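At position 19 of the sequence shown (counting the first as 1) the number is 988 in the numbering used here, and the numbers step up by one without a gap.
Think of the CB as a built atom: it goes at the ideal place given N, C-alpha and C, for glycine as much as any other residue.
The structure presented is a predicted model; accordingly, all values stated were derived computationally and were not measured.
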Amino acid sequence: MYKELEKFKATNSFTFTVNDSLEEACNAPEGSAGIFVVYAVEGGVKELIMVGSTGTVQNDGTLKSKNGGLYDKIVNGHQFAKTGRKYSWPAQMKLENISELEVVWYETFNADAKAIPTAVEGQVLQNFLDENGKLPRWNVAF
């Protein structure tokens, strides 16, 4: 785990296989803001393959989050095609022969924490870039 994520207490994770329904597997809260990290899991070895976030902090310090929050961003956010992850992730997993994903989410902006989701996402991606010389393979750009 990245040290910048340790301070966030509202966190959980779920696993997902190509045979699962992402809508049923996802346990992220609706109406929340934060980041999620996605690992490909093979034989007990985890590889970070993606970092995403949702939620925008306004200039008055309040949060603007899309209606579905982290849950909706993970399940219905577009990736790989102009289609929701509930469709694109299983297809991409088959292409890459990934048997299982582990998704860990963190609420970064709530009553207990006031961290801008995209700033935290950027921090995690910067650390990955520093360590690996590139972004996680499912992150197209940042």
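Please state the DSSP three-state secondary structure of residue i.
i      : result
Ala997 : coil
In the DSSP assignment, find the beta strand (DSSP E) that holds residue i and state where it starts and stops.
i       : result
Tyr1008 : 1003 to 1011
Gly1021 : 1014 to 1023
Ser982  : 980 to 985
Mind checking residue i: buried by the 16 CB within 10 Å criterion, or exposed?
i       : result
Lys1055 : buried
Asn1108 : buried
Val1014 : exposed
Phe1078 : buried
Asp1041 : buried
Ala997  : buried
Gly1012 : exposed
Thr984  : exposed
Ser1022 : buried
Asp1111 : Correcting the residue identity first, residue 1111 is Phe in this sequence and not Asp. Phe1111 is exposed by the Cβ-count criterion.
Ser1001 : buried
Ser990  : exposed
Ala1050 : exposed
Ser1034 : buried
Ala1080 : exposed
Hey, which unbroken runs of the alpha helix (DSSP H) at 4 residues or more fall wholly within the segment 1032 to 1092?
-> 1038 to 1045, 1054 to 1065
Meets three-Cβ-pair contact criterion under 8 Å: the segment 996 to 1006 and the segment 1055 to 1070 | no
Is the number of C-beta pairs between the segment 1075 to 1090 and the segment 971 to 979 that are closer than 8 Å three or more?
-> yes
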